[in-house]
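S.K.: Attaching a single structure in structure tokens format; questions to follow.
2 protein chains.
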Amino acid sequence: MKPFVLVTGNLGKIAEARLALGGGVETELADLPEIQSLDYMEVLRAKAAEAWRQLGRPLIVEEAGLDLAALNGFPGPLVKWMLEAVGAEGLARTAAALGDVRATSRCFLLYKDGDQELIAEGRTEGTLILPRRGTHGFGWDPVFLPDGTTHTFAELTGPGKGAVSHRGKAWREMLGLLEAA
Amino acid sequence: MKPFVLVTGNLGKIAEARLALGGGVETELADLPEIQSLDYMEVLRAKAAEAWRQLGRPLIVEEAGLDLAALNGFPGPLVKWMLEAVGAEGLARTAAALGDVRATSRCFLLYKDGDQELIAEGRTEGTLILPRRGTHGFGWDPVFLPDGTTHTFAELTGPGKGAVSHRGKAWREMLGLLEAA
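Spelled out as structure tokens, the structure:
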């Protein structure tokens, strides 16, 4: 498989990548500046370009987000800031107040080696629930109930979450791409 | 008064600057990339640095936003994207659904000449109303009712809006700073 360094500022994302890849992952802790956009790929490509400028070797960057049906997809890749302002419960409360608790967890991975790019996406449909449940994970995990399950992301331990999560799906696709490339 | 070029991608902002300054303003139409943050000054400084890299002469950039009390200040400087997703009515509907329609319109201006900076801020408290009223202005103007008034921003013509608006207040402060500098 092609080697790479995973560049992220989020330890939770590193832990989930390790689980998905079944072992060691070389990582570089860096909180890359992100541009404002509702377009995941636009945010991701700008982040990859900046990481490439800093490191200059094969790397993977990630962009995750939460699309609320009640807000026509907002906040999407900007969810980090809504979490900072109102927390996971605030996300769920907003969706409930607007009368539509459906949401989509999304994760995009981009492998970059100079001009070569590999792109993988994972998405998980679900609903936002209150009160929050579970203590694992991060972000909106405690209020996100994937469709067809009875446990929130935060009630699942790593491998269980990886099986159903947007991030687990994206990493499995990326692994296939890296092995085939 | 110190000369400057106003750098923005928003024609509405140019029109309001012209009114506030009582005449011609040199402008440069540029949609500068903005970094993700809830900190107005952080977004503004990054934008000013990029504008300075591109133009290399005295300039002013603006950052405006809407802080919703119901969302603990969110979306703030990210309001552009919430407007893109759900429109002005969506902002008002969200605040109403959450049971708190108070909001603050904010505008920051930054004059930059190399390392020299002048910073002005204007803010207007108000409430978000439905249905939308008025046809002037842009952004959240049709649903924003400034405290102590009976007209939304969009029901006011330019000079009337400038007298009470976050942007008018910021420009008046900036004019004083430019004349005193």
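Chains as they are written, first to last, in numbering that gives the first Met the number 0: chain A, 0 to 180; chain B, 0 to 180.
Note that beta-carbon positions come from the ideal geometry of N, C-alpha and C, so glycine has one too.
Answer with buried or exposed for R188/B, where buried requires no fewer than 16 other C-beta atoms within 10 angstroms of its C-beta.
M.R.: Residue numbering for chain B in the displayed model covers 0 to 180; residue 188/B lies beyond these limits and cannot be assessed.
S.K.: Give the secondary structure of V42/B by DSSP, where H, G and I count as helix, E and B as strand, and everything else as coil.
M.R.: Three-state result, V42/B: helix.
S.K.: Use the C-beta contact count for T134/A: other C-beta atoms within 10 angstroms, 16 or more gives buried, fewer gives exposed.
M.R.: Label assigned to T134/A: exposed.
S.K.: What residues in the region 80-109 of chain B have a beta carbon less than 8 Å from any beta carbon of chain A?
M.R.: Within the region 80-109 of chain B, the residues whose Cβ lies closer than 8 Å to some Cβ of chain A are W80, M81, E83, A84, V85, G89, R92, T93, A96, L97, G98, listed in chain order.
S.K.: How is Q115/A classed by DSSP in three states: helix, strand or coil?
M.R.: Here Q115/A sits in strand by DSSP.
S.K.: Considering Cα atoms alone, identify which of M0/A, K46/A, A91/A is closest to A63/A.
M.R.: The shortest C-alpha separation from A63/A is found at K46/A.
S.K.: What are the partner residues of P74/A, as DSSP defines its beta bridges?
M.R.: Paired residues: D66/A.
S.K.: In its own chain, which residues sit with a C-beta less than 6 Å from the C-beta of E154/A, not counting the 5 before and 5 after it?
M.R.: These residues qualify, in order along the chain: R132, G133.
S.K.: Using alpha carbons as the reference points, say which of M40/A, E120/A, T26/A lies closest to N9/A.
M.R.: It is T26/A whose Cα lies nearest to the Cα of N9/A.
S.K.: Is it the case that the region 100-114 of chain B contacts the region 55-71 of chain B, given that we only count it when at least three CB pairs across the two stretches are under 8 Å?
M.R.: Yes, since at least three Cβ pairs between the region 55-71 of chain B and the region 100-114 of chain B fall closer than 8 Å, the two stretches touch.
S.K.: Is there a Cβ from chain B that is less than 7 Å from the Cβ of N71/A?
M.R.: N71/A counts as touching chain B.
S.K.: How would you list, in chain order, the residues of chain A whose beta-carbon sits under 9 Å from the beta-carbon of L77/B?
M.R.: Result: Q35, P74, L77, W80, M81.
S.K.: Who are the neighbours of P32/A on chain B, taking C-beta pairs under 7 Å?
M.R.: What P32/A touches in chain B: I34.
S.K.: In whole angstroms, give me the CA-to-CA distance for G121/B and D140/A.
M.R.: Distance between the alpha carbons of G121/B and D140/A is about 38 Å.
S.K.: Please state if the CB of L18/B and the CB of G157/B are separated by a distance shorter than 7 Å.
M.R.: Yes; because the gap between Cβ atoms is below 7 Å, this pair is in contact.
S.K.: Compare the C-alpha of N71/A against each of A94/A, A169/A, W170/A and name the closest.
M.R.: Cα-wise, what sits closest to N71/A is A94/A.
S.K.: Less than 6 Å between C-beta atoms, sequence neighbours within five positions excluded: which residues of the same chain meet that for A69/B?
M.R.: Closer than 6 Å at Cβ, skipping near neighbours: A94, L97, D99.
S.K.: Let's test the definition: count the other Cβ atoms within 10 Å of the Cβ of T7/B and tell me whether it reaches 16, buried, or not, exposed.
M.R.: Buried: at least 16 other Cβ atoms inside 10 Å.
S.K.: Taking DSSP as the reference, what is the three-state secondary structure of F152/B?
M.R.: DSSP places F152/B in helix when its eight states are reduced to three.
S.K.: For the beta strand (DSSP E) containing E184/A, name the first residue and the last one.
M.R.: Lying outside 0 to 180, the shown extent of chain A, residue 184/A is not represented and no answer is given.
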